[in-house]
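In what follows, a structure is listed as structure tokens, so that the remarks can point back to it.
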Amino acid sequence: MESNNIYDPYNQEKSTQNDNKKRKTVVMDRGIFIGIIIMIVIISMLSSFLICDRLFYNGTLFTSQNKVAFVGEEVDEYKLQKLQTIINLINENYCLDYSMNDLIEGAIQGLVYALGDPYTNYLEPGYLESYMNYLTGTYAGVGITYQVADNGFMIVSVVEESPAAEAGIVAGDIITHINDKSALEYDNEMLSEALSVDGATSTLTVIKAADNATVNVQVTARQINVTSVYTGDFGDGIKYIRITQFDDDTGTEFKAAVNKIQETECKGLILDLRNNGGGYEKEAAIVADTILPEGTIAYCEDKKGNVLDTVYSDANELTMPIVLLVNQNSASASEYVTGAFKDHNKGTIIGVKTFGKALGQVTYQFDGDDSGLTLTIARYFTPSGKCIHGEGITPDIVIELSDEYKNSAVTDIPFEQDTQLQKAIEELKK
Numbered sequence: 001m002e003s004n005n006i007y008d009p010y011n012q013e014k015s016t017q018n019d020n021k022k023r024k025t026v027v028m029d030r031g032i033f034i035g036i037i038i039m040i041v042i043i044s045m046l047s048s049f050l051i052c053d054r055l056f057y058n059g060t061l062f063t064s065q066n067k068v069a070f071v072g073e074e075v076d077e078y079k080l081q082k083l084q085t086i087i088n089l090i091n092e093n094y095c096l097d098y099s100m101n102d103l104i105e106g107a108i109q110g111l112v113y114a115l116g117d118p119y120t121n122y123l124e125p126g127y128l129e130s131y132m133n134y135l136t137g138t139y140a141g142v143g144i145t146y147q148v149a150d151n152g153f154m155i156v157s158v159v160e161e162s163p164a165a166e167a168g169i170v171a172g173d174i175i176t177h178i179n180d181k182s183a184l185e186y187d188n189e190m191l192s193e194a195l196s197v198d199g200a201t202s203t204l205t206v207i208k209a210a211d212n213a214t215v216n217v218q219v220t221a222r223q224i225n226v227t228s229v230y231t232g233d234f235g236d237g238i239k240y241i242r243i244t245q246f247d248d249d250t251g252t253e254f255k256a257a258v259n260k261i262q263e264t265e266c267k268g269l270i271l272d273l274r275n276n277g278g279g280y281e282k283e284a285a286i287v288a289d290t291i292l293p294e295g296t297i298a299y300c301e302d303k304k305g306n307v308l309d310t311v312y313s314d315a316n317e318l319t320m321p322i323v324l325l326v327n328q329n330s331a332s333a334s335e336y337v338t339g340a341f342k343d344h345n346k347g348t349i350i351g352v353k354t355f356g357k358a359l360g361q362v363t364y365q366f367d368g369d370d371s372g373l374t375l376t377i378a379r380y381f382t383p384s385g386k387c388i389h390g391e392g393i394t395p396d397i398v399i400e401l402s403d404e405y406k407n408s409a410v411t412d413i414p415f416e417q418d419t420q421l422q423k424a425i426e427e428l429k430k
């Protein structure tokens, strides 16, 4: 999650410091979350829970001496001296061509990578805009998010009706090769050219999650406009809303869907958050506020345990019975809603344990080169004070799908095989 997490990524706060102007927006990991973020993919495991959109840095970043300082009680002076010595040795003795600016970029990447946090990522120059486009739901690509695995890129989620979905790629599949070259050999620029340029066609070698079979599929990148809210009707007054991710229009789309439902006879609502990896905090907060009675939705704390923000719902709430569907890919912003739903005893939760991500990130933008840093700055807590990071949320009724469909897109599960959905309907008919 990013602070103001994708929940409300466009809330802005301006600083009056001499050389820096800051703008914040919070987003909850999507999953998401999910390595390096490109138009095609999200870097971290799931989308980020964005607490804030971004912080802009304009003007001079450093002092005129361009000194870089490492602070902290445990800083080893010997290591600092060694770092400077290595820089000097390269500068004075290395006999092949190199760019000191490339070395600086590499050092930045290594610094961030050394944190060991899959949700803290450095966005290389030229990629921040693509990342933000992904979060807002409009970008060029093939419609996948991935996590780096030992043998390639493991698919975390697939956008419905995207090139990847049309090629039969599903969550859990592993892309081992792109155009006959190992996927792990691709850097950001190569990935972007192969999978993020509108009209670019690539052949992907994929190990299928269902049976470990290896297949080759072709995908052609195109503009993707993601709709995050879908509705349905199962008859007998049972309505259905599915949220695929929390982008910057989700709250508005959800409220519109609820208003439409309330114009008809509604005896119960199924809210489906399965395979929803997260998104903007503000948007998740709107969804939770629409559903829940007055009270706390969530709060977050910084590294010192100080409360950074508490989000509340007002007295207006949905009064019809509600069943919430979740699964192992429901993460971050989805868990933000699920945790509040559970603590308020608002209804029944059905499915399997959620992913377990309750960290918030802020995205810092360096507008001189369109680079950025998505940095984990907060932990999120449910109304009862529980941080579910690393634990997830166990449903009230645990129901596993068959192995054939447990990693499938929700729309690819035949109704007769969707035991979780069938149980939700059964609960509302009681």
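Position 217 of the sequence shown, counting from 1, maps to 217 under our numbering, and the rest follow consecutively. A virtual CB, placed ideally from N, CA and C, is assigned to each residue, including glycine.
Under DSSP, ARG379 takes part in a beta bridge, and its partners are GLU301, LEU359. Between the region 155-170 and the region 182-189, the count of Cβ pairs shorter than 8 Å is below three; the stretches do not touch. In this structure, ILE286 lies away from LEU325, with their beta-carbon atoms at least 8 Å apart.
Closest in alpha carbon position to GLU166, among SER196, VAL217, THR244, is VAL217. In the DSSP assignment, ILE270 is bridged to TYR240, VAL323. Looking at the DSSP output, VAL226 shares a beta bridge with no other residue.
Our two residues, ASP289 and ILE243, have alpha carbons roughly 15 Å apart in a direct line.
Taking the C-beta atoms as reference points, LEU308 is found no nearer than 8 Å to ALA358. Contact between the region 381-397 and the region 318-338 is present, with at least three C-beta pairs closer than 8 Å.
Judged by DSSP secondary structure, VAL337 falls within the alpha helix (DSSP H) whose first and last residues are 333-343. Boundaries of the beta strand (DSSP E) around VAL311: 307-313.
Distance between SER202 and THR120, taken at the CA atoms: about 29 Å. For ALA164, the enclosing alpha helix (DSSP H) has its first and last residue at 163-166.
Taking 8 Å as the cut-off, the beta carbon of THR376 is found closer than this to the beta carbon of GLN361. Annotation for PHE153: the continuous beta strand (DSSP E) segment containing it runs 152-158.
In the DSSP assignment, ASN88 falls within the unbroken alpha helix (DSSP H) covering 77-93. Bridge pairing for ALA140: GLN223 [DSSP].
Judged by beta-carbon spacing, ILE175 lies within the 8 Å limit of PHE153, meaning their Cβ atoms are closer than that value. If you look at ILE207, you'll find it in the beta strand (DSSP E) that goes 201-207. The beta carbon of GLU105 sits closer than 8 Å to those of GLU124, PRO125, all from its chain and outside the five residues before and after it, given in chain order. For LYS181, DSSP records a beta bridge to ILE178.
Secondary structure note for ASN101: its alpha helix (DSSP H) is the uninterrupted segment 100-113. Cβ-Cβ separation between LEU273 and ILE291: approximately 12 Å, too far for a contact (criterion under 8 Å). Remark: C-beta atoms of SER332 and GLY268 do not approach each other more closely than 8 Å. DSSP, reduced to helix, strand and coil, places VAL148 within a strand of the structure shown. For ASP233, the secondary structure class from DSSP, reduced to helix, strand or coil, is strand.
Taking all protein chains in view, the Cβ of ASP418 is crowded by 16 or more other Cβ atoms within 10 Å, so the residue is classified as buried.
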